[in-house]
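What follows is one structure encoded as structure tokens, with my remarks underneath.
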Amino acid sequence: MPDLPLPPGSTLGIIGGGQLGRMLSQAASRLGFDVVILDPEADSPAGRVSARQIVAAYDDPKALSALGRAADVVTFEFENVPAESIERLAEAGALVAPGPTALRVSQDRVDEKTFLNAVGAPTVAFAVVDTLDDLVVGLTELGLPALLKTRREGYDGKGQVWIHAIEDAPAALESLGGRPAILEAKATFVRELSVIAARDWDGHMAVYPLGENRHEGGVLRTTLAPAAVDEKTQVRARAIAEAILDGLDYVGVLGVELFDLGDDVLLVNEIAPRVHNTGHWTQDGCVCDQFEQHIRAVAGWPLGPTTAHARIEMTNLLGDEVEDWRKLSAKSDERLHLYGKAEARPGRKMAHVNRVLSVV
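By numbering that gives the first Met the number 0, the letter at position 211 of the sequence shown is numbered 210, and the numbering carries on one by one without gaps.
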């Protein structure tokens with residue numbers, strides 16, 4: 000187990016080679032660290048900006064052993080990494096952050112909501128669905144419409160379906176392939192907010208201003224931050240984030256998606272144990288962005304400042320929208336962040352743009 004803080008020249012391991020891993024690697028490199036990526040895709044976006052990439056499955060024992068030997072601390076870029084892989088690394092003596100508990104909780108929506116309510120972070124009412132009878136009972140208790148989701152996996156609107164009538168229950172369950180599911184009551188919210196927060200090895204925390212999010216087709220389209228919220232809402236969001244971080248004994252950056260019901264009432268939609276799409280605005284709105292913050296946290300460095308110096312509108316570029324890079328790169332009030340992905344598939348996140356709306 001290495002001594003903390005890790006000095007420059009140390010090696011960080013990142014499981015996952017997508018855009019989040021790429022931006023984490025870039026932040027780590029700026030702080031003087033070398034980065035090793037583990038990803039099954041050769042020439043991954045993160046691998047191309049890192050010192051080394053191990054090309055293997057996320058649960059490959061030999062690859063995990065090699066990563067553990069090479070890295071002074073190991074982290075991950077997305078929550079669908081097998082929790083067993085993180086446990087294997089930790090059991091072998093590797094320093095891992097965040098730990099396997101956070102990953103396990105976030106990978107199962109029932110476990111996640113159960114945990115959230117237990118630490119005082121309220122959610123919508125929900126019901127566990129294993130059978131059609133469970134679903135019918137849940138619809139009766141929670142009311143219509145209600146949202147049926149797979150318990151595990153599913154993102155950007157995938158693995159979920161709205162149910163508007165009891166007679167639609169069989170088809171809805173079948174559309175999820177009969178997988179274990181969760182039924183969630185509808186949240187009548189004014190807007191969706193999110194908070195990005197970090198915690199270090201000693202329990203110190205840093206919380207960014209809230210962002211306001213807009214989705215299209217289940218995919219995040221824009222984040223406006225800092226959001227126009229009153230102090231009570233900001234304080235409540237901070238308290239929720241800190242309760243979650245402490246409850247998980249978390250190390251690193253965490254994203255918390257919130258429903259704003261008005262009258263200072265916030266419900267947690269879901270958590271992400273990683274840097275988060277709704278935190279991309281921090282790259283051009285804060286001195287220390289979420290990617291550097293995560294590296295600082297896991298490496299044992301002091302957490303950076305979270306005060307915003309500019310109001311930012313972050314917009315995701317999906318599919319062939321990335322072909323507008325010439326026009327976007329010429330705008331003086333916009334900063335383009337390209338992910339280095341080879342194929343621009345419809346709906347795929349290819350880049351984002353941070354537009355500076357005003358200086359705070």
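A virtual CB, placed ideally from N, CA and C, is assigned to each residue, including glycine.
Let me check one thing: in DSSP terms, what residues is residue i bridge-paired to?
i: Val267; result: Leu257
i: Asp38; result: Val54
i: Glu320; result: DSSP lists no partner for Glu320.
i: Cys285; result: Ala307
i: Arg334; result: Asn353
i: Glu312; result: Leu223, Arg354
i: Ile181; result: Val127, Lys148
i: Ala205; result: Ala197
i: Thr10; result: Asp33
i: Gln292; result: For Gln292, which the question treats as bridged, DSSP gives no partner whatsoever.
i: Gln159; result: Lys148
i: Val136; result: DSSP lists no partner for Val136.
Mind checking whether residue i and residue j have CB atoms under 7 Å apart?
i: Glu241; j: Ser193; result: no
i: Asp94; j: Gly67; result: The amino acid at residue 94 is misidentified as Asp; the sequence shows Leu. No, Cβ-Cβ distance for Leu94 and Gly67 is not below 7 Å.
i: Trp161; j: Gly299; result: no
i: Ala168; j: Leu141; result: no
i: Ala96; j: Gly251; result: yes
i: His272; j: Leu244; result: Correcting the residue identity first, residue 272 is Pro in this sequence and not His. Result no, Cβ atoms of Pro272 and Leu244 do not sit closer than 7 Å.
i: Lys330; j: Pro44; result: no
i: Val175; j: Val128; result: In the sequence under discussion, the amino acid at residue 175 is Leu, which differs from the Val named in the question. Result no, Cβ atoms of Leu175 and Val128 do not sit closer than 7 Å.
i: Asp319; j: Ala343; result: yes
i: Thr187; j: Met313; result: no
i: Arg108; j: Lys148; result: yes
i: Arg150; j: Ala101; result: no
i: Lys185; j: Pro121; result: no
i: Ala197; j: Leu302; result: yes
i: Thr305; j: Ala205; result: yes
With a CB to CB cut of under 8 Å and the five nearest residues on each side skipped, what residues in its chain are close to residue i?
i: Ala309; result: Asp283, Gly284, Val355, Leu356, Ser357, Val358, Val359
i: Val135; result: Ile165, Ala168
i: Glu333; result: Leu327, Val352, Asn353, Arg354, Val355
i: Leu317; result: Val218, Pro345, Gly346, Arg347, Lys348, Met349
i: Ser64; result: Ala91
i: His336; result: Met22, His279, Gln282, Ala350, His351, Val352, Asn353
i: Leu3; result: Trp200, Ala298, Gly299
i: Leu265; result: Pro121, Leu192, Thr232, Arg235, Ala236, Ile239, Leu257, Phe258, Asp259
i: Asn116; result: Thr122
Check residue i in the structure and name its three-state DSSP category.
i: Asp33; result: strand
i: Glu76; result: coil
i: Leu94; result: coil
i: Leu102; result: helix
i: Ala49; result: Looking at the sequence shown, residue 49 is not Ala but Ser. It is coil, neither helix nor strand.
i: Ala164; result: coil
i: His214; result: strand
i: Ser193; result: strand
i: Lys340; result: coil
i: Gly15; result: coil
i: Lys348; result: strand
i: Val297; result: helix
i: Gly278; result: helix
i: Gly176; result: coil
i: Gly67; result: helix
i: Gly251; result: strand
i: Leu244; result: helix
i: Leu115; result: helix
i: Ala371; result: Nothing about residue 371 can be reported from this structure: the residues present for the chain run from 0 to 359 only.
For residue i, collect the residues of the same chain with a Cβ closer than 6 Å to its Cβ; drop the 5 residues on either side in sequence, then sort them by chain order.
i: Pro7; result: Gly31
i: Arg190; result: Glu211, Asp259
i: Asp58; result: Pro81, Ser84
i: Phe114; result: Val104
i: Ala91; result: Gly67
i: Gly360; result: There is simply no residue 360 to check, as the chain begins at 0 and stops at 359 in what is shown.
i: Gln289; result: Ile195, Val252, Val274, Gly278, Thr281
i: Val321; result: Ala343, Met349, Ala350
Measuring only between beta-carbons, confirm whether residue i sits less than 7 Å from chain C.
i: Asn116; result: Given the protein chain composition of this structure (a single chain), no chain C is represented.
Within its chain, find whatever has a CB closer than 7 Å to the CB of residue i; leave out the 5 residues flanking it on each side and keep chain order.
i: Gly119; result: Ala242
i: Glu362; result: Beyond the ends of the chain as shown, which are 0 and 359, falls residue 362; an answer cannot be given.
i: Leu5; result: Asp71, Val72, Ala298, Gly299
i: Leu19; result: Glu76, Phe77, Arg273, Val274
i: Ala69; result: Thr10, Gly12, Val35
i: Ala55; result: Leu37, Pro39, Ala62
Would you say residue i touches the ligand MN, meaning its beta carbon is less than 6 Å from a heavy atom?
i: Asp38; result: Inclusion of the ligand MN in the displayed structure is not the case, the ligand content being empty and no account of it being possible.
message: If contact is defined by three or more beta carbon pairs under 8 Å, each pair taking one atom from either stretch, is the stretch 22-31 in contact with the stretch 278-296?
response: yes
The stretch 201-209 touching the stretch 230-240, judged by at least three CB pairs closer than 8 Å: yes
message: Would the stretch 9-20 count as touching the stretch 31-51 if we require 3 or more Cβ pairs under 8 Å?
response: yes
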